[in-house]
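The structure appears right after this line, and notes come after that.
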Amino acid sequence: MKLPDWVCAHPDAIFIDGFQPGAGITRLPSNGSGGAIGNVTRVVNVPGYGSHTIHLRTPPSYSPNHPLPLVLALHGQAGSPSAANTAAQAVRNAWASIADAQGFIVIAPVATGGSGGWIAPPPNPSDYDIFAAAIADAEAAYNIDRSRRIGWGFSAGGHVMHDIMFNDFGAPLSIDTFAAYSVSAGVLQGLACQGLNASQCNALIAAASRHIPIDIHVGSSDPLLPNATSDRNFFQNNGWVLSSNLWFTTFSGGHSYATAQLGEIWSNLCPFQALP
Numbered sequence: 020m021k022l023p024d025w026v027c028a029h030p031d032a033i034f035i036d037g038f039q040p041g042a043g044i045t046r047l048p049s050n051g052s053g054g055a056i057g058n059v060t061r062v063v064n065v066p067g068y069g070s071h072t073i074h075l076r077t078p079p080s081y082s083p084n085h086p087l088p089l090v091l092a093l094h095g096q097a098g099s100p101s102a103a104n105t106a107a108q109a110v111r112n113a114w115a116s117i118a119d120a121q122g123f124i125v126i127a128p129v130a131t132g133g134s135g136g137w138i139a140p141p142p143n144p145s146d147y148d149i150f151a152a153a154i155a156d157a158e159a160a161y162n163i164d165r166s167r168r169i170g171w172g173f174s175a176g177g178h179v180m181h182d183i184m185f186n187d188f189g190a191p192l193s194i195d196t197f198a199a200y201s202v203s204a205g206v207l208q209g210l211a212c213q214g215l216n217a218s219q220c221n222a223l224i225a226a227a228s229r230h231i232p233i234d235i236h237v238g239s240s241d242p243l244l245p246n247a248t249s250d251r252n253f254f255q256n257n258g259w260v261l262s263s264n265l266w267f268t269t270f271s272g273g274h275s276y277a278t279a280q281l282g283e284i285w286s287n288l289c290p291f292q293a294l295p
């Protein structure tokens, strides 16, 4: 569902929905406590999969009395495990100024693949279990609005985001975990529709449990632009509506992302929540 416009116009919306008659909204607070402010590094443990690093940003204005939205941010393939750690920090840092200004928390896990990329299920557990553990850890340490979890991924991280939404491998997160999601230079053929023909991929999208709001950003000279354009058509053919629950933005550039684009993504997806 879409929230009132004031929710995104006023990051300190606790004062708005607390005192304006008829303006209240439903939140699902996690009521977590004890987390530090600013740039934070946390470690989560996944049974059977070990301990893993999560880079996190909490805005200086954070108050445990007010549940904030959460952005799960996934970096692209980095080249090596150490480079993956740097890429996760870069993703966290790119989102930081927006998180501080707009009032939400960012978590950026580190990929575990030997080439600095994500390990998707099967097998189980996989890196998808790290994502679920990172969300649970953030919700225990901070007061998160569980109805306003937003997913975002760049490149291979974007492939993963599509995969989470449209496939079910028994991993402990799915389309129902998120209110909305975005991909920057991520495509369905990267994982979600890998090995499927166009008809099969279309059927996969058609079977989605809901029309989750989606933002697609891609560079005008990105080699993946044709794939991303095809993805937009799949979504439109299956009931998504441009500028309503689907945004498709091309920008001047290649296979990249920038903070300005992340700001556009947040503006598009901020109004949405998913209630059980």
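Under the numbering used here, think of the first position of the sequence shown as 20, with each following residue one higher. Each residue gets a CB set at the ideal place from its N, CA and C atoms; glycine is no exception.
Rounded to the nearest angstrom, how far is the Cβ of residue i from that of residue j, given a contact under 8 Å?
i, j, result
"residue 230", "residue 276", "Incorrect: roughly 24 Å between the Cβ atoms, too far for contact."
Excluding the five sequence neighbours on either side, which residues of its own chain have a C-beta within less than 6 Å of the C-beta of residue i, listed in chain order?
i, result
"residue 37", "Bear in mind that a pLDDT of 49 at residue 37, under 50, signals an unreliable position, so the model cannot answer this."
"residue 131", "138 and 146"
Decide if residue i is buried, meaning its Cβ has at least 16 other Cβ atoms within 10 Å, or exposed.
i, result
"residue 166", "buried"
"residue 255", "exposed"
"residue 41", "Because the pLDDT of residue 41 is 44, which lies under 50, any placement of that residue in the model is unreliable, and the number read from its coordinates should be weighed accordingly. Result: exposed."
"residue 146", "buried"
"residue 125", "buried"
"residue 280", "buried"
"residue 24", "exposed"
"residue 260", "exposed"
Beta carbon of residue i: closer than 8 Å to some heavy atom of the ligand NAP?
i, result
"residue 193", "This structure lacks the ligand NAP; in fact it carries no ligand of any kind."
From what residue to what residue does the alpha helix (DSSP H) around residue i run?
i, result
"residue 244", "244 to 256"
"residue 278", "278 to 288"
"residue 221", "217 to 225"
"residue 143", "Premise fails: residue 143 is in no alpha helix (DSSP H) and is neither H nor E."
"residue 101", "100 to 121"
"residue 26", "25 to 28"
Opposite residue i in the DSSP bridges: which residues?
i, result
"residue 164", "48"
"residue 185", "In the DSSP output, where bridge partners are listed per residue, residue 185 has none listed."
"residue 61", "73"
"residue 171", "92 and 201"
Closer than 7 Å by C-beta to residue i: which residues in its own chain qualify, once you throw out the five before and the five after it? Chain order, please.
i, result
"residue 220", "207, 212 and 253"
"residue 148", "65, 68, 190 and 191"
"residue 56", "77, 79 and 81"
Leaving out five residues before and five after residue i in sequence, what residues of the same chain have Cβ atoms less than 8 Å from its Cβ?
i, result
"residue 204", "95, 173, 174, 177, 236, 237, 238, 241, 243, 247, 274, 275 and 276"
Could you check where the beta strand (DSSP E) with residue i kicks off and where it finishes?
i, result
"residue 77", "69 to 77"
"residue 233", "233 to 238"
"residue 93", "87 to 93"
"residue 200", "199 to 203"
"residue 125", "124 to 128"
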